[in-house]
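Order-wise, the sequence lines are chains H and E. For the working numbering, count along the first sequence from 1 and bump the result up by 1417. For the working numbering, count along the second sequence from 1 and bump the result up by 1417.
There are 2 protein chains.
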Amino acid sequence: MSEFPATARTTPTRLRERAVYDAERVFAVLDEALICHLGVVVDGEPLVLPTIHARVGDVLYLHGSSGSHLARLVAQAERAAAPGSEVDAGLPVCVTVTLVDGLVLARSQFHHSMNYRSVVVRGRASRVTDPAELDLALHAVVEQVLRGRAEGSRPGDAKELAGTSVLRVPIVEASLKQRSGPPSDDPEDVAGPYWAGVLPVATAFAEPQPSPDLTPGIAVPQHVLDAAAAGGRPTGVQ
Amino acid sequence: MSEFPATARTTPTRLRERAVYDAERVFAVLDEALICHLGVVVDGEPLVLPTIHARVGDVLYLHGSSGSHLARLVAQAERAAAPGSEVDAGLPVCVTVTLVDGLVLARSQFHHSMNYRSVVVRGRASRVTDPAELDLALHAVVEQVLRGRAEGSRPGDAKELAGTSVLRVPIVEASLKQRSGPPSDDPEDVAGPYWAGVLPVATAFAEPQPSPDLTPGIAVPQHVLDAAAAGGRPTGVQ
């Protein structure tokens, strides 16, 4: 897949020129983000929760607990689906990821904005039940938290895997909206008295803080040192 | 108001000890965040969009365009509301703000997590129509983008105000969920071979980039220099 279809649901009603459907660019934003915001409908009203995610190919995995309200909602939706109607199985979700790149400080208050990259994925979430897929998804989630981390930590045992719920959202309907560059002031403001520009924003990592109960002699591993030295998340982490 | 009620809708089904209803702490998170994620229900399915917000007292203002899909949805909800039934007027929304404070790198993959502060506000959004309230809200939005910016830029004129839609969400039902501190590994993992700790995460500002068309001689103003020198968003910005 190289491009997502521009459906009515993923076409913005304004500023359409900011919308991008190219899969590689959509994936890059999903991969760079530390968290996503997961939207569901509960009793007819919206609920949005921060969630840890990871992408593998064109599937988005969402990390949760098997005891959570959300896991129960998904189980409910799965039961309600007609047998064999795979298209409609799962809970309708909207997964949104936003990277803020800068404060856009225009001369006019009206043109103040943010530089950002935001991906909206609309689809259906179902539970990962296949053990091999669960392993793959959890590996991806740990690597998404920090690249190199899967090798630097203990994999889950059977009991832990049973207590983890991972949701699977095929990335079929997705779009990227973004803004970059300097403020877009009206011509009559450009000669005005106000300063205009962009204050760049980034997600920064600081020095690692070892656990207080860390066994003496265990050094900070290379993957953590690398991330701290880079000072932040590399673009296109996977 | 000093504490929000712990309603069924704002009480997490898991990890309840992470939920906080204290208004000042809820407000501090809303004030520190650069953006929120706004959830609505469209045709029975969830939609989550990044949005610029500002808080004034116990009201949350959401910045948009009067031509947007969202503004039309709100207008629709307002028309559908029974006259006089103020409680039910407006579009059901969920506004979620998340600040990521650290990557929690446990010895076990199962206990990997994030340190974060996340506020969920569930309520009804209506359009701001009173000109004085619109002024107040837009001032707050510009100050939320960057403190000191309202004085450093040109206020909106009548045409610009007409092209701006601000939504009003009274903060009645809100909760803060958070995690901080080191990883919580199981006792049997603590003596294991893996490093554990937290990699702190923050939102960082870099050097301001003046607009290419900036009139020569206009210096970077103090409020921008201050933000850049601070290197990031101060905690509790308002």
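Where a beta carbon is used, it is the ideal one built from N, C-alpha and C, also for glycine.
| Query | Result |
| --- | --- |
| For a cutoff of 8 Å on Cβ pairs, would you count phenylalanine 1444 of chain E as touching chain H? | no |
| If alanine 1623 of chain H and alanine 1619 of chain E are in contact, beta carbons under 8 Å, what's the gap, nearest whole angstrom? | 7 Å |
| Under 8 Å, Cβ to Cβ, is there at least one residue of chain H near methionine 1418 of chain E? | Below a pLDDT of 50, predicted positions are generally treated as unreliable, and methionine 1418 of chain E, at 46, falls in that range; no measurement from the model is reported. |
| Rounded to a whole number of angstroms, what is the C-alpha to C-alpha distance between alanine 1445 of chain E and aspartate 1439 of chain E? | 10 Å |
| What number of angstroms, rounded off, separates the C-alpha of aspartate 1630 of chain H from the C-alpha of leucine 1616 of chain E? | 16 Å |
| State the CB to CB distance for the pair alanine 1492 of chain E and arginine 1544 of chain E, rounded to an integer number of angstroms; the pair is presumed to be in contact (CB under 8 Å). | 7 Å |
| Under 8 Å by Cβ, that's how I've got aspartate 1643 of chain H and arginine 1524 of chain H pegged, so tell me the actual separation to the nearest angstrom. | Contact doesn't hold; Cβ gap of about 41 Å is too wide. |
| For aspartate 1547 of chain H, which residues in chain E fall below 7 Å Cβ to Cβ? | The premise fails here: aspartate 1547 of chain H is roughly 18 Å from chain E at the closest Cβ pair, so nothing lies under 7 Å. |
| According to DSSP, simplified to helix, strand and coil, what is glutamate 1560 of chain E? | helix |
| For a minimum of 4 consecutive residues, which ranges assigned as the alpha helix (DSSP H) are wholly contained in the segment 1554-1616 of chain E? | 1575-1579, 1604-1607 |
| What does the Cβ neighbour count give for serine 1628 of chain E, buried or exposed, with the cut at 16 atoms within 10 Å? | buried |
| Pull up the DSSP beta-bridge partners for alanine 1494 of chain E, would you. | Answer by DSSP bridge pairing: none, since alanine 1494 of chain E is not bridged. |
| Please check the pair alanine 1471 of chain E and alanine 1567 of chain E, which I expect to be a contact at CB under 8 Å, by giving their CB distance rounded to whole angstroms. | Incorrect: roughly 11 Å between the Cβ atoms, too far for contact. |
| Checking contacts by CB at 8 Å: is tyrosine 1438 of chain H closer than that to chain E? | no |
| So the candidates are H:Pro1638, H:Gly1519, H:His1486; which of them puts its Cα closest to the Cα of proline 1599 of chain H? | H:Gly1519 |
| Bridge partners for proline 1625 of chain E per DSSP, in chain order? | Per DSSP, none; premise fails for proline 1625 of chain E. |
| Is the Cβ of glutamate 1462 of chain E closer than 8 Å to any Cβ of chain H? | yes |
| Could you have a look at arginine 1524 of chain H and say whether DSSP puts it in helix, strand or coil? | coil |
| Which residues does DSSP pair with valine 1476 of chain H in a beta bridge? | H:Val1473, H:Pro1587 |
| Tell me whether alanine 1494 of chain E is buried or exposed, calling it buried when 16 or more other Cβ atoms sit within 10 Å of its Cβ. | buried |
| Quick one: what does DSSP say valine 1437 of chain H is sitting in, helix, strand or coil? | strand |
| According to the Cβ coordinates, are valine 1517 of chain E and histidine 1529 of chain E closer than 8 Å? | no |
| From this set, E:Gln1626, E:Pro1625, E:Ala1613, which residue's C-alpha is nearest glycine 1634 of chain H's C-alpha? | E:Ala1613 |
| Using the Cβ count rule (16 or more neighbours within 10 Å means buried), how would you classify alanine 1557 of chain E? | buried |
| According to DSSP, is leucine 1508 of chain H part of a helix, a strand, or is it coil? | strand |
| Given 8 Å as the limit, is there contact between the segment 1531-1540 of chain E and the segment 1575-1592 of chain E, that is, 3 or more CB pairs closer than that? | yes |
| Am I right that leucine 1455 of chain H and leucine 1479 of chain H are in contact with their C-beta atoms under 8 Å? What's the rounded C-beta distance? | 6 Å |
| Whole angstroms is fine: what's the gap from valine 1562 of chain H's alpha carbon to alanine 1549 of chain H's? | 20 Å |
| Closer than 9 Å by beta-carbon distance: list the chain H residues that pair up with tyrosine 1478 of chain E, in chain order. | By Cβ distance, chain H contributes nothing, its closest Cβ being about 14 Å from tyrosine 1478 of chain E, past 9 Å. |
| I need the DSSP call for valine 1443 of chain H, collapsed to helix, strand or coil. | helix |
| For proline 1463 of chain H and cysteine 1511 of chain E, which I take to be in contact (beta-carbon distance under 8 Å), what is that distance rounded to the nearest angstrom? | 4 Å |
| Is there a Cβ from chain E that is less than 8 Å from the Cβ of glutamine 1639 of chain H? | no |
| Here's a check: name, in chain order, each residue in its chain whose Cβ is nearer than 8 Å to the Cβ of glycine 1691 of chain H, leaving out the five neighbours to either side. | Because chain H spans 1418 through 1655 in this model, residue 1691 of chain H falls outside it and cannot be assessed. |
| Tell me the rounded alpha-carbon separation between arginine 1571 of chain E and valine 1458 of chain H. | 40 Å |
| Nearest-angstrom Cα distance between valine 1637 of chain H and glutamine 1626 of chain H? | 9 Å |
| Tell me whether the beta-carbon of threonine 1513 of chain H lies closer than 8 Å to the beta-carbon of alanine 1608 of chain E. | no |
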